[in-house]
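S.K.:
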Amino acid sequence: MKWIKPAFSILLVLTLAGGGSYAWTRHAAGKPAQEGPAAGFRTSKVQRMDIVRTVSATGTVTPRNTASGIPVGAQVNGKLIKLYVDYNDVVTNGQVVALIDPLVYEAAYKSAVARLHVDQASVQVSTCSVRQREAELVLAKKTYDRKKALVEKAMAPVADLDSATEAYEKAQASVESAKASLMSARANVEASQAAVDQAQANLGYCTIRSPVNGIVIARKVEEGETVVSSMNAVPVLSIAEDLDVIWVEATVPEADVGNIRVGQPVTFTADAYRDRFKGRVKQIRRAATTTNNVVTFPVIIEAENPGQKLFPGMTATLSIETGRAENVLAVAASAFRFRPKPADYERARAGGEIPPGRKLWFAKPDGALEWVSVEEGVTDDSSIEIKCANAASLEGREAVVGYQVSSMQAGSGGSQNPFMPKFPKRGTKGTAPEPKKAK
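Add 748 to a position in the sequence shown, counting from 1, and you land on the number used in my numbering.
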């Protein structure tokens, strides 16, 4: 029996410790051991704080203006005989990046130039022909005038006048024909000039140049491959514009996109770094996408990329700041949702009619409730800014957020110590299966 007294002492110490811990837990939860006038309510203090409302989203880092870089393609067919750049090479606008075999296009250009020279010579021949026909027309006109004067004086037969008239009309027709030939020759020159321009352009397309300043992020072909251009230019390289400034294409649900505005600040992180990057909303696109019945909209964020740490294709976790209020009076959001019980509401209304609208409720020393009409300001879902005429007078007061609810109630209305061991009740049916009856 020597162990009974030490065991009883240990049990007594554990019981006292459990009771003390239980009383401290009740006090820390806002439920003191001695009941006060407002002991039946849970409260939150009205205090000054900074409130920032944000929208969370995920996005992908992309180069500016295009998600996969600017494609640099070949507009003519031929073998790629030289590629002057590689991955991650920095290029400038107009820099030569590749060369297609120009032999065929040089020959086509020379042929077009030769044809142009032939047509230009034809123009000169036609011009001379027009001058010759015009001289013949002048002579025929003079002959006609002389014959006509002689016939009128009866000094020449009428047949001579008829012959002169015919020659004069033929000379006029020859001039018109020569002028038409000249116009045709000039048209041929214009067509030949267009052919020369096209051949020269095709020859120029053999030399592929970078359209922007940027960095090479992809190579589509290798030296020695033959590129075949059809309706669209065959991509040879992809160049991302200057990566010192990048875009993040975020997908925002339709429930949040209404709060986003161009110019709002954005903070985001990437899995590859612990740094926090900053940017601003540049564009809110109207092109909706529906995935699993969830409608999202693309939002473009422009941000600085110090040291070009962020690579195209990286995943970014964003926090878009849609509202901010600094050093304002605020209270827990649950205070705006509190609704008194009917008895407490009628008791509060005895002091005067309660108008509709948002209110904060405060407990008086006698346990009654009083109300203050307020308006909501910026909220971050946990705290809400208080706006009202006498907001300064509310600082430091305890706003009611709910009623105290005891989580431990005894069967006879008393309380139980949660640290006391619980013993099974006598006479209760166990959980072991019933024995099988013998057949």
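C-beta: ideal position from N, C-alpha, C; glycine also.
Just so you know, these numbers come straight off a predicted model, no measurement behind them.
Compute the beta-carbon to beta-carbon distance between Val820 and Pro959, rounded to the nearest angstrom, for a pair I have assumed lies under 8 Å.
M.R.: In the sequence shown, residue 820 corresponds to position 72, counting from 1. In the sequence shown, residue 959 corresponds to position 211, counting from 1. Indeed they touch by this definition, with Cβ atoms about 7 Å apart.
S.K.: Please state whether DSSP places Lys830 in a helix, a strand or coil.
M.R.: Walking along the sequence shown from the start, residue 830 turns up at place 82. Residue state, collapsed to three classes: strand.
S.K.: Quick check: the Cα distance between Glu970 and Lys927, rounded to an integer number of angstroms?
M.R.: Here the question's residue 970 lines up with position 222 in the sequence shown. Here the question's residue 927 lines up with position 179 in the sequence shown. Cα to Cα, Glu970 sits roughly 56 Å from Lys927.
S.K.: What separation, rounded to the nearest whole angstrom, lies between the Cα atoms of Gly1150 and Val1079?
M.R.: One-based indexing of the sequence shown puts residue 1150 at position 402. One-based indexing of the sequence shown puts residue 1079 at position 331. When rounded, the distance between both Cα atoms is 13 Å.
S.K.: Between which residues of its own chain and Ser1121 is the CB-CB distance below 8 Å, once the five residues before and five after are set aside?
M.R.: As a first step, residue 1121 is located in the sequence shown; it is residue number 373 there, counting from the start. Same-chain partners within the cutoff: Pro1103, Gly1105, Arg1106, Lys1107 and Cys1136.
S.K.: Using the beta-carbon count (16 or more within 10 Å), is Ser1041 buried or exposed?
M.R.: As a first step, residue 1041 must be located in the sequence shown, where it is residue number 293. Checking the displayed sequence, the identity of residue 1041 turns out to be Asn instead of Ser. Under this definition Asn1041 is an exposed residue.
S.K.: For the beta strand (DSSP E) containing Thr1070, name the first residue and the last one.
M.R.: In the sequence shown, residue 1070 corresponds to position 322, counting from 1. From DSSP, the beta strand (DSSP E) with Thr1070 extends over Thr1063 to Ala1080.
S.K.: Assuming Val1000 and Arg796 make a contact with CB atoms under 8 Å, what is their CB distance in whole Å?
M.R.: As a working note, residue 1000 is residue 252 in the sequence shown. As a working note, residue 796 is residue 48 in the sequence shown. Incorrect: roughly 31 Å between the Cβ atoms, too far for contact.
S.K.: I need the straight-line Cα distance from Ala939 to Val844, nearest angstrom please.
M.R.: In the sequence shown, residue 939 corresponds to position 191, counting from 1. In the sequence shown, residue 844 corresponds to position 96, counting from 1. Going from the Cα of Ala939 to the Cα of Val844 covers about 31 Å.
S.K.: My parser needs the beta strand (DSSP E) runs of 3 or more residues fully inside the segment 1078-1111; what are they?
M.R.: As far as the segment 1078-1111 is concerned, its whole beta strand (DSSP E) runs of at least 3 residues are 1107-1111.
S.K.: Just to confirm my understanding: we take Val873, look at its own chain, exclude 5 residues before and 5 after, and list those with CB closer than 8 Å. What are they?
M.R.: Here residue 873 is taken as the residue at index 125 of the sequence shown, counted from 1. Counting only Cβ-Cβ distances below 8 Å, and skipping sequence neighbours, we find Ala933.
S.K.: Find out if the Cβ-Cβ distance for the pair Gly826, Arg957 is shorter than 7 Å.
M.R.: Taking the first residue of the sequence shown as position 1, residue 826 is located at position 78. Taking the first residue of the sequence shown as position 1, residue 957 is located at position 209. No, they are not a contact pair.
S.K.: Quick check on Gln1012: buried or exposed, where buried means 16 or more other Cβ atoms within 10 Å of its Cβ?
M.R.: Working through the sequence shown from its first residue, we reach residue 1012 at position 264. Buried, since its Cβ has 16 or more Cβ neighbours within 10 Å.
S.K.: Bridge partners of Ala1051, per DSSP?
M.R.: Position 303 of the sequence shown, counted from the first residue, corresponds to residue 1051. Looking at the DSSP assignment, Ala1051 forms a beta bridge with Ile994 and Gly1027.
S.K.: Should Gly952 be flagged as near chain B, meaning a C-beta pair shorter than 7 Å?
M.R.: Note that chain B does not occur in the displayed structure, where there is just one protein chain.
S.K.: Can you tell me which of the three DSSP states Met903 falls into?
M.R.: Numbered from its first residue, the sequence shown carries residue 903 at position 155. Met903: coil per DSSP, three-state reduction.
S.K.: Take Arg1024 and list the residues in its own chain whose beta-carbon comes closer than 8 Å to its own, dropping the five residues that flank it on each side.
M.R.: For the purposes of this step, residue 1024 is taken as residue 276 along the sequence shown, with counting starting at 1. These residues qualify, in order along the chain: Thr1015, Phe1016 and Thr1017.
S.K.: Buried or exposed: Ser1131, going by 16 or more other Cβ atoms within 10 Å of its Cβ?
M.R.: Counting from one through the sequence shown, the residue named residue 1131 turns up at place 383. Under this definition Ser1131 is a buried residue.
S.K.: Under 6 Å: does the beta carbon of Asn1041 sit that close to some heavy atom of the ligand GDP?
M.R.: As presented, the structure is devoid of all ligands, the ligand GDP included, so that no description of it is given.
S.K.: Under the three-state reduction of DSSP, which class applies to Lys968: helix, strand or coil?
M.R.: Working through the sequence shown from its first residue, we reach residue 968 at position 220. In the structure shown, Lys968 sits in coil (DSSP, three-state: anything other than H, G, I, E or B).
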